[in-house]
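Under my numbering, the first residue of the sequence shown is numbered 1, with each subsequent residue one higher.
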Amino acid sequence: MTDLTNMMKDKPQIGVSACLAKQPVRFDGCFIANPFVNNECSEFFDLHTICPEVEMGLGIPRPVIQLRDFDGEVRLVFSKNPEKDITNEMREYSERKLDALPPLDGYIFKKDSPSCGVFNVAVKNDKTGMRKRNGIGIFAQAFKDRFPEVPTEDEGRLNDKGIRENFLERVYAHYRWRQIDSAVNPLQAFRDFHKNYKLILMAKDNTAYRQLGRIAASVNKNNFMQVRQEYFQLFMQAMSKIPSQGHHVNVMMHILGYLKDHLNKKDKIELLEWFETYRENRVTRITPLSLLQHHFNRHENEYITEQYYFSPFPGKLMLPQ
Numbered sequence: 001m002t003d004l005t006n007m008m009k010d011k012p013q014i015g016v017s018a019c020l021a022k023q024p025v026r027f028d029g030c031f032i033a034n035p036f037v038n039n040e041c042s043e044f045f046d047l048h049t050i051c052p053e054v055e056m057g058l059g060i061p062r063p064v065i066q067l068r069d070f071d072g073e074v075r076l077v078f079s080k081n082p083e084k085d086i087t088n089e090m091r092e093y094s095e096r097k098l099d100a101l102p103p104l105d106g107y108i109f110k111k112d113s114p115s116c117g118v119f120n121v122a123v124k125n126d127k128t129g130m131r132k133r134n135g136i137g138i139f140a141q142a143f144k145d146r147f148p149e150v151p152t153e154d155e156g157r158l159n160d161k162g163i164r165e166n167f168l169e170r171v172y173a174h175y176r177w178r179q180i181d182s183a184v185n186p187l188q189a190f191r192d193f194h195k196n197y198k199l200i201l202m203a204k205d206n207t208a209y210r211q212l213g214r215i216a217a218s219v220n221k222n223n224f225m226q227v228r229q230e231y232f233q234l235f236m237q238a239m240s241k242i243p244s245q246g247h248h249v250n251v252m253m254h255i256l257g258y259l260k261d262h263l264n265k266k267d268k269i270e271l272l273e274w275f276e277t278y279r280e281n282r283v284t285r286i287t288p289l290s291l292l293q294h295h296f297n298r299h300e301n302e303y304i305t306e307q308y309y310f311s312p313f314p315g316k317l318m319l320p321q
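In structure tokens form, the structure reads like this:
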């Protein structure tokens, strides 16, 4: 097969809000030393640090800015001087910055920021003064509009084990996808990519798994360039879903089928018991997966051992169990 992981000489490219990476760019000249960004991410990713507010010329220190709702239109203004509207300036800066960015595989935004917040940013109603957490930062919105397939998260949500795992899965999937173009045989690299993500897709979205299988089966050298974007859009949509424990058990049962001619009754019962223990949330998924890997080390199966389901990203990036 075409080993995409071994072909990667660089690291995944990640955008990150500069204040999370120990850069003193916040409105008050401070920074936030986010442990995940500065430790694990700096080891495994190439980080591209960005502070839109500084880069567009607001300076350090600077007045606080906020999102404000004027009769249904959300604008970016200075908190103490809402007549000073910088929405258009931020949008113009965003387009210039996005034009200049290298290809990114993910982006970690500063939560709650009126420029960079990607989820539930506070929006103040100009008439009532009430705040609703239903906004998105101006730069973050521009990024998502321009690069809808690139995974985005904020640093707060990444403290959740399931959300972090899902983000990292998508980052590495996006990264591996980008390597297809540099493969000696891009069409074969695409087929290997699809094959090696089958079990992850089965766990996340069985309908998309079947749809993607049909798309992959239809690809040939004549339609590859046209079909690949359709495939990738659906693929990344499926990858954004977080599977239930039941879905993971179904996949592990499927994997167990590849061992049916090699295991004795005792080994099979032991695996099934661990599957149920995981389904009941009494152990993490690593326990039954490690046992499955142990058996495949003894009874090798190329299709199974090359599945990214067992190792979608470096384990050191995950939260402690």
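All C-beta atoms in this analysis are idealised placements derived from N, C-alpha and C, irrespective of residue type, glycine included. Predicted, not measured: the structure shown is a model, and the values here were computed from it.
Self-check item: Straight-line gap, Phe78 to Gln66 (C-alpha atoms, nearest Å)
Solution: Within the sequence shown, residue 78 is the residue found at index 78, counting from 1. Within the sequence shown, residue 66 is the residue found at index 66, counting from 1. Cα to Cα, Phe78 sits roughly 6 angstroms from Gln66.
Quiz prompt | His294, buried or exposed, once every other Cβ within 10 Å from all chains shown has been counted against 16 | solution = For the purposes of this step, residue 294 is taken as the residue at position 294 of the sequence shown. By the Cβ neighbour-count rule, His294 is exposed, with fewer than 16 other Cβ atoms within 10 Å of its own.
Practice problem: Would you list, in sequence order, the uninterrupted beta strand (DSSP E) runs of no fewer than 3 residues that lie entirely inside the segment 26 to 59? | Solution: Positions of the beta strand (DSSP E) runs, each at least 3 residues long and wholly inside the segment 26 to 59, are given as 46 to 50 in order along the chain.
Quiz item: Would DSSP call Phe119 helix, strand or coil?
Solution: For the purposes of this step, residue 119 is taken as residue 119 along the sequence shown, with counting starting at 1. Coil.
Exercise. Output the boundary residues of the alpha helix (DSSP H) element that contains Phe143.
Key: Taking the first residue of the sequence shown as position 1, residue 143 is located at position 143. Per DSSP, Phe143 belongs to the alpha helix (DSSP H) from Ile138 to Arg146.
Quiz item: Is the beta carbon of Leu329 sitting closer than 8 angstroms to the one on Ala21?
Solution: Outside the modelled stretch of the chain, which goes from 1 to 321, sits residue 329, for which no answer is possible.
Exercise. Starting from the C-beta of Cys51, find all residues in its chain whose C-beta is less than 6 angstroms away, skip the five residues before and the five after it, and write them out in chain order.
Key: As a first step, residue 51 is located in the sequence shown; it is residue number 51 there, counting from the start. Correct list, in chain order: Ala18 and Val25.
Quiz item: What do you get for Glu302, buried or exposed, if any count of 16 or more other CB atoms within 10 angstroms of its CB means buried?
Solution: Stepping through the sequence shown from its first residue, residue 302 is reached at position 302. Around the beta carbon of Glu302, fewer than 16 other beta carbons sit within 10 angstroms, so the residue counts as exposed.
Quiz item: With 16 other CB atoms within 10 Å as the buried threshold, where does Gly137 fall?
Solution: Walking along the sequence shown from the start, residue 137 turns up at place 137. Counting Cβ neighbours within 10 Å, Gly137 comes out buried, since at least 16 surround it.
Quiz item: Just how far apart, CA to CA, sit Leu76 and Ile242?
Solution: Along the sequence shown, one-based indexing puts residue 76 at 76. Along the sequence shown, one-based indexing puts residue 242 at 242. Answer to the nearest angstrom: the Cα atoms are 33 angstroms apart.
Quiz item: Sorted by chain position, which residues of the same chain lie with C-beta nearer than 6 angstroms to Gln229's C-beta, five sequence neighbours on each side aside?
Solution: As a working note, residue 229 is residue 229 in the sequence shown. So the list is empty, once near-sequence residues are dropped.
Quiz item: What do you reckon, is the C-beta of Arg146 under 7 angstroms from a heavy atom of the ligand COA?
Solution: You won't find the ligand COA in this model; it holds no ligand whatsoever.
Quiz prompt | One or two residues paired with Lys132 in a DSSP bridge | solution = Counting from 1 along the sequence shown, the entry for residue 132 is found at position 132. In the DSSP assignment, Lys132 forms a beta bridge with Val123.
Self-check item: CB contact flag (Tyr197, Ala217, <8 angstroms)
Solution: Counted from its first residue, the sequence shown places residue 197 at position 197. Counted from its first residue, the sequence shown places residue 217 at position 217. No. Outside cutoff.
Practice problem: Report, in whole angstroms, the separation of the C-beta atoms of Leu263 and Pro288, which I expect to be a contact under 8 angstroms. | Solution: Stepping through the sequence shown from its first residue, residue 263 is reached at position 263. Stepping through the sequence shown from its first residue, residue 288 is reached at position 288. In this structure, Leu263 and Pro288 do not form a Cβ contact; the two beta carbons are roughly 14 angstroms apart against a cut-off of 8 angstroms.
Self-check item: 6 angstroms CB neighbourhood of His254 in its chain, flanking five on each side removed
Solution: Within the sequence shown, numbered from 1, the residue matching residue 254 stands at position 254. Cβ within range, chain order: n/a, list empty.
Quiz prompt | Cβ-based neighbour list, Phe310, same chain, cut-off 7 angstroms, excluding 5 preceding and 5 following | solution = Here residue 310 is taken as the residue at index 310 of the sequence shown, counted from 1. Around Phe310: Leu289 and Gln293.
Exercise. Have a look at Gly246 and Arg279 and give me their C-alpha separation to the nearest angstrom.
Key: As a first step, residue 246 must be located in the sequence shown, where it is residue number 246. As a first step, residue 279 must be located in the sequence shown, where it is residue number 279. Near 6 angstroms, if we compare the C-alpha coordinates of Arg279 and Gly246.
Quiz item: DSSP on Asp192, reduced to helix/strand/coil?
Solution: Looking up residue 192 in the sequence shown gives position 192. Three-state result, Asp192: helix.
Quiz prompt | As assigned by DSSP and simplified to three states, the class of Ile65 | solution = For the purposes of this step, residue 65 is taken as residue 65 along the sequence shown, with counting starting at 1. Here Ile65 sits in strand by DSSP.
Quiz item: What does a CB cutoff of less than 8 angstroms around Gln23 pick up in its chain, not counting 5 residues either side in sequence?
Solution: Locating residue 23 in the sequence shown gives position 23, where the first residue counts as 1. Excluding the 5 residues flanking it on each side, Gln23 has same chain C-beta neighbours closer than 8 angstroms at Phe31, Thr49 and Cys51, in chain order.
Self-check item: Alpha carbon of Arg191 to alpha carbon of Pro102, nearest angstrom
Solution: For the purposes of this step, residue 191 is taken as the residue at position 191 of the sequence shown. For the purposes of this step, residue 102 is taken as the residue at position 102 of the sequence shown. Spanning the two alpha carbons is a distance of roughly 26 angstroms.
Quiz item: CB Lys11 to CB Phe44, shorter than 8 angstroms?
Solution: The residue you call residue 11 lines up with position 11 of the sequence shown. The residue you call residue 44 lines up with position 44 of the sequence shown. Cβ distance < 8 angstroms, so Lys11 and Phe44 count as in contact.
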